[in-house]
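All remarks here apply to the structure that follows.
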Amino acid sequence: MQVKTMTRWPAALLAALVLAGCGTLQIEERNFIRPDRAGEPRPASTLEQTLPAAFTLREESIATADGASLRGVRLSRADSAATVLYFGGNAFHLDQHGAEVAVALASCPLELVMFDYRGYGRSSGAPDVATMKADALREFDLVNAGRPGGVVVHGQSLGSFIAAYVAQQRPVRALVLESTTTNALDWANANVPWYARPFVTVEVSAPLRGIDNVATLAGYDGASLILMGEGDRITPLPLARKMFEALPGRRKRLLALPGAGHNNVLEQPATVPVYCDFVRDSAAGPAPAMAPAAAGL
Numbered sequence: 001m002q003v004k005t006m007t008r009w010p011a012a013l014l015a016a017l018v019l020a021g022c023g024t025l026q027i028e029e030r031n032f033i034r035p036d037r038a039g040e041p042r043p044a045s046t047l048e049q050t051l052p053a054a055f056t057l058r059e060e061s062i063a064t065a066d067g068a069s070l071r072g073v074r075l076s077r078a079d080s081a082a083t084v085l086y087f088g089g090n091a092f093h094l095d096q097h098g099a100e101v102a103v104a105l106a107s108c109p110l111e112l113v114m115f116d117y118r119g120y121g122r123s124s125g126a127p128d129v130a131t132m133k134a135d136a137l138r139e140f141d142l143v144n145a146g147r148p149g150g151v152v153v154h155g156q157s158l159g160s161f162i163a164a165y166v167a168q169q170r171p172v173r174a175l176v177l178e179s180t181t182t183n184a185l186d187w188a189n190a191n192v193p194w195y196a197r198p199f200v201t202v203e204v205s206a207p208l209r210g211i212d213n214v215a216t217l218a219g220y221d222g223a224s225l226i227l228m229g230e231g232d233r234i235t236p237l238p239l240a241r242k243m244f245e246a247l248p249g250r251r252k253r254l255l256a257l258p259g260a261g262h263n264n265v266l267e268q269p270a271t272v273p274v275y276c277d278f279v280r281d282s283a284a285g286p287a288p289a290m291a292p293a294a295a296g297l
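The UniProt record's numbering applies: residue 1 is where the sequence shown begins, and numbers increase by one.
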């Protein structure tokens with residue numbers, strides 16, 4: 001899947017900091033969240049044309065109190081054992097990339113629901129960390145109403161932080177973290193080249209300090225699957241291993257895929273049987289416990 005998610009720091013910026021002798025690299029929300037530019041034409045959708053025959057498509061929409069419209073799709077099938085609510089990376093667009101997710105997971109017994117983030121593709125509004133979290137809960141509540149206690153949340157890259165937050169706040173059936181990391185600061189430091197590290201101090205803005213999968217999932221005891229490419233240079237495998245070790249539950253698995261990078265994990269042949277079994281086993285497992293009381297957004 002050719003979706004550029006997150007980013008590595010521009011070489012020119014790092015070179016300037018090194019030549020200056022030292023410097024602070026300030027990481028803001030705009031480094032994580034890349035909505036469409038105003039007036040930018042929306043690419044033609046490939047979703048309907050390439051949708052696997054196993055799925056039936058239905059459009060979904062949620063109107064928020066602040067005037068945004070969240071738009072997505074529900075891909076249903078008769079033999080689904082669970083519903084997967086998928087959160088993409090920071091460049092994910094439903095019309096461009098949704099079909100690739102559907103094709104990759106077409107052999108699994110699942111219903112798939114995907115939304116564009118606000119400010120992306122079909123959805124209106126302006127995104128930030130707080131609204132993305134709140135929107136994710138709205139989407140979960142919509143999906144869970146149709147299958148109470150049967151929703152698996154799956155987040156890729158930036159979406160892994162969103163999925164983790166939903167797992168903290170709602171009774172999810174299971175959790176999939178793909179191309180994930182521990183927190184914003186660890187990710188930012190990992191993307192500073194070795195030659196620049198003695199000269200560069202990384203700081204993250206206040207909203208990003210709250211993006212911390214380790215802290216968010218400290219009380220999560222459900223089933224979890226971490227999918228990683230061994231060649232991932234954006235969210236390196238050691239950080240995923242650290243995340244895996246921090247998960248408190250016993251029903252957890254880390255699948256590290258040789259030859260995979262940041263954006264092609266689902267396309268690997270070894271991924272699909274593991275994913276399908278995970279969804280099937282999660283659906284047959286114990287019902288999720290109620291999440292703790294929701295924290296303020």
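Even glycine gets a Cβ: it sits at the ideal position worked out from N, Cα and C.
Query raised in the report: For R58, does the three-state DSSP call read helix, strand or coil?
Result: strand
Query raised in the report: Considering only residues of the same chain and omitting the five flanking positions on each side of R253, which have a CB-CB separation below 8 Å?
Result: S224, L225, I226, V274, F278
**Report entry** Residue from T182, P198, Q96 with nearest C-alpha to I211
**Finding:** T182
Report task. Might you give, ordered along the chain, the residues of its own chain that have their beta carbon closer than 7 Å to the beta carbon of S282, omitting 5 neighbours on each side? Result -> A82, V152, R173, A174, A223
Query raised in the report: Cβ atoms of A53 and L75: under 8 Å apart, would you say?
Result: no
Query raised in the report: If you draw a straight line from the alpha carbon of D128 to that of L237, how long is it in whole angstroms?
Result: 27 Å
Requested in this report: Starting from the C-beta of G261, find all residues in its chain whose C-beta is less than 6 Å away, skip the five residues before and the five after it, and write them out in chain order.
Outcome: G229, G231, D232
Query - Rounded distance between the beta-carbons of A130 and R118, thought under 8 Å - result: Rounded, the Cβ-Cβ distance is 11 Å, inconsistent with contact.
Query - Rounded separation between L158 and S179 - CA only - result: 9 Å
Query raised in the report: Quick one: complete beta strand (DSSP E) runs, 3+ long, within the stretch 170-247?
Result: 174-178, 200-204, 223-229
Query - alpha helix (DSSP H) segment containing L271, residue limits - result: Here residue 271 is Thr; the residue named in the question, Leu, does not match the sequence. Residues 271-284.
Report task. Mark A184 as exposed unless 16 or more other C-beta atoms lie within 10 angstroms of its C-beta, in which case mark it buried. Result -> buried
**Report entry** Sheet register partners of Q26 (DSSP bridge)
**Finding:** E203
Requested in this report: Report the three-state DSSP secondary structure of A63 (helix, strand or coil).
Outcome: strand
Query raised in the report: Could you give the distance in angstroms between the alpha-carbon of L255 and the alpha-carbon of T271?
Result: 8 Å
Query raised in the report: Taking the C-alpha atoms as reference points, what is the distance between D141 and L257?
Result: 33 Å
Requested in this report: Identify the continuous beta strand (DSSP E) that holds V265 and give its terminal residues.
Outcome: Premise fails: V265 is in no beta strand (DSSP E) and is neither H nor E.
Query raised in the report: What is the DSSP secondary structure of Y165, reduced to helix, strand or coil?
Result: helix
Query - C-beta atoms of F55 and R77 nearer than 8 Å - result: yes
Report task. Write down the C-beta distance between R71 and D36 rounded to the nearest angstrom, noting that I regard them as a contact closer than 8 Å. Result -> That pair is no contact at about 13 Å.
**Report entry** Residue from F161, E267, V192, V73 whose Cα sits closest to the Cα of R24
**Finding:** First, the amino acid is wrong: residue 24 is Thr here, not Arg. Comparing Cα positions, the closest option is V192.
Requested in this report: Report buried or exposed for Q49, applying the criterion of at least 16 other Cβ atoms within 10 angstroms of its Cβ.
Outcome: exposed
**Report entry** Selected residue, minimal CA-CA separation from E111, among A68, F161, C276
**Finding:** C276
Report task. With a threshold of 16 other CB atoms inside 10 Å of the CB of G296, please say whether the residue is buried or exposed. Result -> Low confidence applies to G296: its pLDDT is 37, below 50, so where it sits in the model is not reliable enough to give any reading.
Report task. Put L105 into one of helix, strand or coil per three-state DSSP. Result -> coil
Query - Distance between beta carbons of S45 and D95, contact taken as under 8 Å - result: 4 Å
Requested in this report: Return the first residue and the last residue of the alpha helix (DSSP H) that T131 is part of.
Outcome: 129-146
Query raised in the report: Considering only the beta carbon of each residue, do residue 299 and L51 sit closer than 8 Å?
Result: Since the displayed the chain opens at 1 and closes at 297, residue 299 lies outside it and no answer follows.
Query - DSSP state of S160 mapped onto helix, strand, coil - result: helix
Query raised in the report: Just the Cα atoms here: how many angstroms apart are I162 and Q156?
Result: 9 Å
Report task. For Y86, count neighbouring Cβ atoms within 10 angstroms of its own Cβ and tell me buried if that reaches 16, exposed if not. Result -> buried
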